[in-house]
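In full-length UniProt numbering, the protein residues as written are 1 to 277.
Positions of the beta carbon are idealized from the N, C-alpha and C atoms, including for glycine.
Structure record follows, encoded as structure tokens.
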């Protein structure tokens, strides 16, 4: 069984460093071969691509733009009346993905509009999401890119988020029926919403294009105190034949590099060259 491949989520790791460029260098010097970032749009794509090359990293995931922060937006894919803005954001994400050589884009669903009853608008939001996803699948296919849907838990992290369980996301993917749209499995969110991780990983892994990890409930390193047994989960992903990347999307509980001892231990067991970093 092949060892898992890990990517540094630079929106979360190395928070002591100002901006993406030094974080790319830090990730490379820490032994990572890949990185991901939620929103790279504050930096010119050419500068990011150059910094990634110099750090020996490849970018494996970015998100579509979140929309208007002042209006509380967190993605636009399922938001009624924001279809044009979603498509403009998708075009921007594709430009960055092409410049960065990044093969995957998380197509953010977004939040239930403020003041709306989630149950009352669910059907309308799903209709908008399906329409936008069909459009996105066509755009991404032209560039040989993959779009990802990520459920985000509504119990702790984002109570208004539209897409919150793997079952809901899988049903939407089935309705769209495009092979270049896949599921993004953030184990932190899945545990909070549904638990049953062994069963859900086995059921949904065939349509998963990217995995992210953090401990529950504190969202710290996999080795930090919490509910999840990550050595077991990593072995399960290996046993099930997962070939994609595992994104380290957690909040460091102290110094980022010192907190990577769990990953160096994994690399050491699996003979990874990053173990000596």
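For residue i, which residues in the same chain have their Cβ closer than 6 angstroms to its Cβ, ignoring the five residues on either side in sequence?
i	result
residue 36	7, 9, 60, 61, 247
residue 147	105, 107, 136, 140, 181
residue 55	24, 25, 28
What first and last residue would you give for the alpha helix (DSSP H) that runs through residue i?
i	result
residue 201	197-204
residue 193	187-193
residue 46	45-55
residue 270	261-270
What three-state label does DSSP hand residue i in the structure shown?
i	result
residue 239	helix
residue 184	strand
residue 70	helix
residue 26	helix
residue 234	helix
Once the 5 residues before and after residue i are set aside, which same chain residues still bring their CB inside 7 angstroms of it?
i	result
residue 138	none
Within the continuous beta strand (DSSP E) that includes residue i, where are the two ends?
i	result
residue 59	58-63
residue 2	Careful: residue 2 lies outside any beta strand (DSSP E) and carries neither H nor E.
residue 212	208-213
residue 245	245-248
residue 35	34-36
Enumerate in chain order the residues of its own chain whose CB-to-CB distance from residue i is below 8 angstroms, with the five nearest sequence positions on each side excluded.
i	result
residue 121	80, 112, 113
Does the contact criterion of 3 or more C-beta pairs under 8 angstroms hold for the segment 227-236 versus the segment 25-45?
By the Cβ test, the segment 227-236 is not in contact with the segment 25-45, since fewer than three Cβ pairs between them sit closer than 8 angstroms.
Would you call the segment 61-72 and the segment 91-98 touching, i.e. three or more CB-CB distances under 8 angstroms?
Contact between the segment 61-72 and the segment 91-98 is present, because at least three Cβ pairs lie under 8 angstroms.
Threshold first: 4 residues or longer. Then list the alpha helix (DSSP H) segments lying entirely within the segment 113-169, N to C.
Counting whole runs of 4 or more residues, the segment 113-169 contains the alpha helix (DSSP H) stretches 118-142.
Please specify which runs of the alpha helix (DSSP H), each continuous and at least 4 residues long, are wholly inside the segment 79-119, giving them in chain order.
Restricting attention to alpha helix (DSSP H) runs no shorter than 4 residues, the segment 79-119 encloses them at 83-100, ordered along the chain.
Does the segment 210-220 come into contact with the segment 180-200, if we say contact requires no fewer than three beta-carbon pairs (one atom in each stretch) closer than 8 angstroms?
The segment 210-220 vs the segment 180-200: in contact.
Using 8 angstroms as the threshold, is the segment 46-59 in touch with the segment 70-90, meaning 3 or more CB pairs across them?
Because the criterion of three Cβ pairs below 8 angstroms is not met, the segment 46-59 and the segment 70-90 do not touch.
Under 8 angstroms, with one C-beta from each stretch per pair, do the segment 167-178 and the segment 127-135 reach the 3-pair mark?
The segment 167-178 makes contact with the segment 127-135; the number of CB pairs closer than 8 angstroms reaches 3 or more.
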